[in-house]
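What follows is a short report on a single structure.
Residue numbers (the working numbering): 3 to 836.
Structure follows, in structure tokens:
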């Protein structure tokens, strides 16, 4: 079956002949002939008029389509240009922030540096050379009134950075509780008309309020300074003892050292971003609770395109482009197309009137036009592939032919994995370009007898007609998977994109095309669940699995209110002496009909339907209450609670944790929130902000299943992490795999260097425990030490041991010599169950 259908043609109608044997003019046959000719003329006049109207309408439609295409092209070009400008500005702002952090680090390490020392250091890092927009920078210190004479003397004794001669006086004069002076600095120029005098008090006036607000909040303060026609950006960055910003205002006031004052020429930043887009204009703006500054480049035309991009950290850029010319009469090209189309339609009409015998050719032209319209109605506008309507029609034909020839056809339902991430990261225009490339690649690997169509979005359907060419659908599915292994290189995307697809296969006869497509969709769902980048063939049992999933989803909606959910607690031991120091909270579900349902089965349902937020809130509350009861009984244990990626996508997670702590009275320092690496990389900026807010509550943060996802030093430095949980696959492989042992050794060293503790999951054999202790892993959990326990059993264990299980702290002692009291009664639980 081919991918295109040829529209059926229409043969020209025959014309009645003329009988020349009729006697003389005026005879009956002549009159009949004249009458027939007139009838034909009327028909052709009507046909000509209709054709002229159709041609004019088609010309108008074509002109509109071209105008729409031109407008869309202009919008797409502007979007790409704006993205390029925003990317350049984002990188430039990041470089400025890096410079500020570098300067603050210098003063943290050497707060009493002299002008000479600071300028020597600044020259060593080539600050003015590497940052042409940098006008000057230095340290602004706060001087109480009692220390004013000493500071004046100190500044006079170190004048290397001063631009003025003579005695130093306070500007503006007057008695104030404190003063703020630029004591150490480096400037690109020594122009006295633009530089502040050495005794200028930066804490006076409106600028002083900005300085003090930055000190109290711990955030940078921004201010626009205008000198004549020149605008500069002044940034005041507070820094504190130890180089760490304290969490509270009182602590920040206590640890405050000084400000890092930096002056930039923002016009140079903007000029660099507009270097390749000189026709564009923009507004660069920074706004937070204490600052609102903006810089304008160029003047947008009336009706200009505009696009606002969030550059993060308070910065936004609004770019302006040329106005979009819309409408058929907007430019000469569409006008010419419209006029030429109308003239051509009229010319064809006149030609038809003159050349009546050419009506067959005209009919063929109309037939072609009709075929084009039919093609547009039955094909996808983006990829040109058959659309849903045509695919369903051909699927019915496939079923009918299979019944007639007793041959089984097949349907492959193809879905691009994680295509939404492409649209979110690069925009829908890039997503459309990628869909076109995917469609072309699929078409290239299929046979002429196969049909491929686009159902919508990122879903494609392939029809295999084995009645024409015998080939199993498995082979076709493998070809499609293989076709996706080569990365896609797209215009506007610097890095080639790698994609995978999941494929559902359904074969054989069905009652309707919808039934066959439904079974392929079920198989596609199973392929997604199995890990994506694969194909799965439909089996009747899959429908039962779908039915069970629906039943579980319905039952889960009220599981909390029915008391079916409960918590188990996996003990965590310090490996040095095998003392019980904490627990991990594990969610369990016992249904009156289904019995004990595995978390691997019901947790994905909670994640997909969004109920995980409600259940996660309940788990936090229950776990904190249990921890508070243990604490009241004198058993101070750490309590680890898993937080899913869906929970971390919302700011309410911070409020949920705060409410759970307040309602239960649980010590914040005993609560450890565990998140997976995959949850962190979905939106690293938002995740870091929320984890920082959670950390400010006094709660600790752990990365769960570390080493199996997207771990990198950059991510560890970005997030406020306290501990790393080593995945069970590395723990179980430590005795048999040199790679696992090396990775664990690396993670332990990394934790020691960065101040993280390490926790090994899935400790199941004495040999594993021995090696983990030799590698100096801090903590461990697993079947060897204890299975997950209900609260009452853990309470009994704590009472029997006094909340501590003692063993020899010597890591060289084999695990099989440990006290058997460490190992609790076995169950059928798994350690790392969600």
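All C-beta atoms in this analysis are idealised placements derived from N, C-alpha and C, irrespective of residue type, glycine included.
Because the structure is a prediction, the values reported are computed rather than measured.
Residue i to residue j span [Cα, whole Å]
i	j	result
residue 152	residue 246	29 Å
residue 415	residue 493	28 Å
residue 389	residue 355	39 Å
residue 809	residue 632	Only weak support exists for where residue 809 lies, its pLDDT of 38 falling under 50; the value from the coordinates is given anyway. Their Cα atoms are separated by approximately 23 Å.
residue 170	residue 212	24 Å
residue 425	residue 539	29 Å
residue 802	residue 767	24 Å
residue 173	residue 155	16 Å
residue 194	residue 677	Residue confidence is low: residue 194 scores 46 on pLDDT, short of 50, so the model does not pin down where it sits. No coordinate-derived value is stated.
residue 807	residue 800	Reliability fails at residue 807, whose pLDDT of 42 lies under 50, so the model's placement of it is uncertain and the value that follows must be treated cautiously. Residue 807 and residue 800: Cα-Cα distance of roughly 9 Å.
residue 186	residue 126	16 Å
residue 128	residue 88	26 Å
residue 720	residue 734	29 Å
residue 491	residue 739	38 Å
residue 530	residue 480	16 Å
residue 805	residue 783	Caution is warranted here: a pLDDT of 40 is assigned to residue 805, below 50, making its placement in the model unreliable, and no coordinate value can be reported.
For residue i: DSSP bridge partner residues
i	result
residue 2	The shown model of the chain, from 3 to 836, leaves out residue 2, and the question about it has no answer.
residue 41	None; residue 41 has no bridge partner.
residue 182	144
residue 575	582, 782
residue 727	761
residue 587	571
residue 224	237
residue 317	288, 314
residue 323	307
residue 173	202
residue 593	597
residue 640	584
residue 545	DSSP, once it has assigned bridges, lists no residue as partnering residue 545.
residue 509	412
Beta-carbon spacing of residue i, residue j below 8 Å
i	j	result
residue 58	residue 326	no
residue 380	residue 413	no
residue 418	residue 460	yes
residue 585	residue 622	no
residue 91	residue 270	no
residue 703	residue 686	no
residue 384	residue 444	no
residue 634	residue 668	no
residue 741	residue 707	no
residue 777	residue 746	yes
residue 297	residue 233	yes
residue 463	residue 455	yes
residue 266	residue 109	no
residue 336	residue 69	yes
Boundaries of the alpha helix (DSSP H) in which residue i is found, first to last residue
i	result
residue 2	One cannot answer for residue 2 here, as it falls past the ends of the chain, which runs 3 to 836.
residue 206	It is not in any alpha helix (DSSP H) - residue 206 carries neither H nor E in the DSSP assignment.
residue 652	First-last for residue 652: undefined, no H or E at that position.
residue 793	793 to 803
residue 1	In the structure displayed, the chain extends from 3 to 836; residue 1 sits before or after that span and is not available.
residue 425	421 to 428
residue 485	475 to 485
residue 680	679 to 682
residue 278	First-last for residue 278: undefined, no H or E at that position.
residue 356	334 to 356
Start and end residues, beta strand (DSSP E) containing residue i
i	result
residue 521	Element bounds for residue 521: not the beta strand (DSSP E) but the alpha helix (DSSP H), 515 to 531.
residue 697	Note, residue 697: premise wrong, no beta strand (DSSP E); alpha helix (DSSP H) at 686 to 698.
residue 457	453 to 458
residue 703	702 to 708
residue 770	Looking at the DSSP string, residue 770 is not in any beta strand (DSSP E); the run it does join, the alpha helix (DSSP H), is 768 to 776.
residue 631	Careful: residue 631 lies outside any beta strand (DSSP E), inside the alpha helix (DSSP H) at 614 to 634.
residue 742	Careful: residue 742 lies outside any beta strand (DSSP E), inside the alpha helix (DSSP H) at 740 to 756.
Min CB distance residue i to chain B below 8 Å
i	result
residue 653	The question asks about chain B, but that chain is absent: this structure has only one protein chain.
Between the stretch 521 to 539 and the stretch 490 to 509, can you find at least three pairs of beta-carbon atoms closer than 8 Å?
Touching, per the Cβ criterion.
At a cut of 8 Å, does the stretch 247 to 257 reach the stretch 289 to 307 through at least three beta carbon pairs?
In short, these stretches do not touch, since the Cβ pair count stays below three.
Is the stretch 689 to 709 touching the stretch 671 to 679 in the sense that three or more CB pairs, one from each, lie closer than 8 Å?
Contact between the stretch 671 to 679 and the stretch 689 to 709 is present, because at least three Cβ pairs lie under 8 Å.
Whether or not the stretch 94 to 104 and the stretch 511 to 525 are in contact is what I'm after, with contact meaning three or more pairs of Cβ atoms, one per stretch, closer than 8 Å; do they touch?
Counting Cβ pairs under 8 Å, fewer than three are found: no touch.
At least 3 beta-carbon pairs within less than 8 Å: the stretch 602 to 622 vs the stretch 636 to 653
Output reads yes: the stretch 636 to 653 touches the stretch 602 to 622.
Say whether the stretch 39 to 57 touches the stretch 345 to 353, bearing in mind that this needs 3 or more beta-carbon pairs closer than 8 Å, one atom from each stretch.
At 8 Å Cβ cutoff, the stretches touch.
Check whether the stretch 540 to 555 and the stretch 570 to 577 are in contact - that is, three or more C-beta pairs closer than 8 Å.
No: the two stretches stay apart, fewer than three of their Cβ pairs being nearer than 8 Å.
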